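Asks: Let me begin by handing over the structure; questions about it come next.
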Amino acid sequence: MAISDPHNLWQYHLVQWGIEFPSILHLLLALSALHLAHERPDEREKYLQQADGHFTFGVRTVTNVLSLQDMNEDNCQLIYMSAVLIIFIYFGRGPRNGQYLIFSEAGPSEWLVLLQGVKLTVGKYHEKVYSGVLEPEKSSPLPEITPSMRIELHEHTVHTQAVQRFIEQEAPVDDLPIYVSVLDNLYEIMNRVYERRSAGQLGVAFMDLLIGWLYRLPEKFVRLLEEKEPRALVILAYWAVMFPYMDAVWFMEGWAEHVLWGVSTFLQEEYRSWIEWPLQKVKQE
């Protein structure tokens, strides 16, 4: 897994923080055990048990800090990175029946609850969290998008615009601004994803964009997904099309197909034609 790490966060600082804050150490060990389970399928159960043990301890410590409202400027970066590791571990455990990242068979998804931990930390201590070794790397201008990637982006955009026109025709007036806002953000993410693909970036290079889109979803739209509202599910399918671009990271394998399976399972018959393109596209990747 190639990660741009100019501050040596993953190679050095996280390990040092793990000595100060054992939750991080246990979560790193849990993620490592899951990686071994992925690489050594004949010993999978052994490593899964190890991962579960470390994960339980790591989560308990973070939960205690949050429940006691002990988070402050001194430990907010530690809590934030713990929450990020918990999300990675959830991915590393693999897709689960009935859980489709942002929605589930019934009620809020497990993963969404974990994401709230990141939101809570960032919302309260944004400047402090993104400082020092967690300060975002200044990005260099990307080269012009290649002709082949421009064709892919155009195809994705045309299909998504068709969905938008359909939604604008039939969505309730009160819900329409939410759909338009979510789609506008999706177009922006699509452009940036295809730019990075054009520059040869892979795997985790897309995580801030694709997970960031979920992170910014309005609460009302999330509720529509939880209620299996068909227009919201269709929009989610056009986001999931880009998820296979992260398959180069071992813990992201299979998630695009799983999310689309969830969308297809709960989508009413009269809307199924709108997800034919996402389903075909993911099969080709």
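If you're matching positions, the sequence shown starts at 1 in the UniProt record's numbering and goes up one per residue. Each residue gets a CB set at the ideal place from its N, CA and C atoms; glycine is no exception. Just so it is clear, the structure is predicted and the values come from calculations on it, not from any experiment.
#1: Just verifying my parser: in three-state terms, what is the DSSP assignment at Arg-93?
#2: Have a look at Arg-44, Gln-77, Thr-56 and flag the residue whose alpha-carbon is nearest the alpha-carbon of Trp-17.
#3: Assign Glu-229 to buried or exposed, taking buried as 16 or more other Cβ atoms, counted over all protein chains shown, within 10 Å of its Cβ.
#4: For Lys-46 and Glu-155, I'd like the C-alpha separation in whole angstroms.
#5: Using 8 Å for Cβ pairs, my map puts Tyr-187 next to Arg-231. What's the rounded Cβ distance?
#6: Using 9 Å as the threshold, is the C-beta distance between Pro-141 and Ser-198 below it?
#7: Nearest by alpha-carbon distance to Gly-107: which of Leu-224, Tyr-245, Met-246 is it?
#8: For the pair the segment 62–74 and the segment 97–114, tell me if three or more CB-CB distances fall below 8 Å.
#9: Residue range of the alpha helix (DSSP H) that Gln-201 falls in?
#10: Return yes when the Cβ of Tyr-80 is within less than 9 Å of the Cβ of Tyr-125, no when it is not.
#11: Reducing DSSP to helix, strand and coil, say where Phe-21 ends up.
#12: Could you tell me which uninterrupted alpha helix (DSSP H) segments, each at least 4 residues in length, are contained entirely in the segment 154–213, listed from first to last along the chain?
#13: Of all the options Gln-164, Val-122, Leu-85, which has the alpha carbon lying nearest to the alpha carbon of Pro-181?
#14: With DSSP as the reference, please indicate the residues paired to Tyr-100 in a beta bridge.
#15: Tell me which residue opens and which closes the alpha helix (DSSP H) that Val-259 is part of.
#16: Starting from Glu-226 and walking both ways along the alpha helix (DSSP H), at which residues does that stretch end?
#17: Touch check for the segment 236–248 and the segment 205–224: three-plus C-beta pairs under 8 Å?
#18: Would you report the Cα separation of Gly-94 and Glu-270, rounded to the nearest angstrom?
#19: Could you give the DSSP three-state label for Val-249: helix, strand or coil?
#20: Could you check what DSSP says for Ile-79 in three-state terms: helix, strand or coil?
#21: Which residues in the same chain as Lys-128 place their Cβ atom closer than 8 Å to its Cβ, once the five residues preceding and following it in sequence are excluded?
#22: Name the two residues that bound the continuous alpha helix (DSSP H) containing Pro-108.
#23: Let me make sure I understand the geometry here. Which of Leu-48, Ala-33, Ile-86, Ala-37 has the alpha-carbon closest to that of Gly-58?
#24: Keeping to the same chain, check which residues put their C-beta closer than 6 Å to that of Ala-2; ignore five residues upstream and five downstream.
#25: Ordered along the chain, which non-local residues of its own chain (more than five positions away) have a Cβ less than 8 Å from that of Leu-176?
#26: Determine the burial state of Trp-277: buried for a count of at least 16 other Cβ atoms within 10 Å of its Cβ, exposed for fewer.
#27: Give me the Cα-Cα distance between Glu-152 and Tyr-194, rounded to the nearest whole angstrom.
#28: To the nearest angstrom, how far is the alpha carbon of Trp-10 from that of Lys-138?
#29: Applying the 10 Å Cβ sphere with the 16-neighbour rule, what's the burial state of Gly-123?
Replies: Result, derived from the coordinates:
#1: coil
#2: Gln-77
#3: buried
#4: 45 Å
#5: The pair is not a contact, with the Cβ atoms about 17 Å apart (cut-off 8 Å).
#6: no
#7: Leu-224
#8: no
#9: From DSSP, Gln-201 is part of no alpha helix (DSSP H); its letter is neither H nor E.
#10: yes
#11: coil
#12: 176–198
#13: Here residue 181 is Ser; the residue named in the question, Pro, does not match the sequence. Ranking Gln-164, Val-122, Leu-85 by Cα distance to Ser-181 puts Gln-164 first.
#14: Phe-103
#15: 255–266
#16: 219–226
#17: yes
#18: 31 Å
#19: coil
#20: helix
#21: Glu-73, Cys-76, Gln-77
#22: Element bounds for Pro-108: n/a, residue is neither H nor E.
#23: Ile-86
#24: Any answer about Ala-2 is weak, because its pLDDT of 44 lies below 50 and its placement is not dependable; what the coordinates show is given next. Around Ala-2: no qualifying Cβ.
#25: Ile-167, Glu-168
#26: buried
#27: 8 Å
#28: 18 Å
#29: exposed
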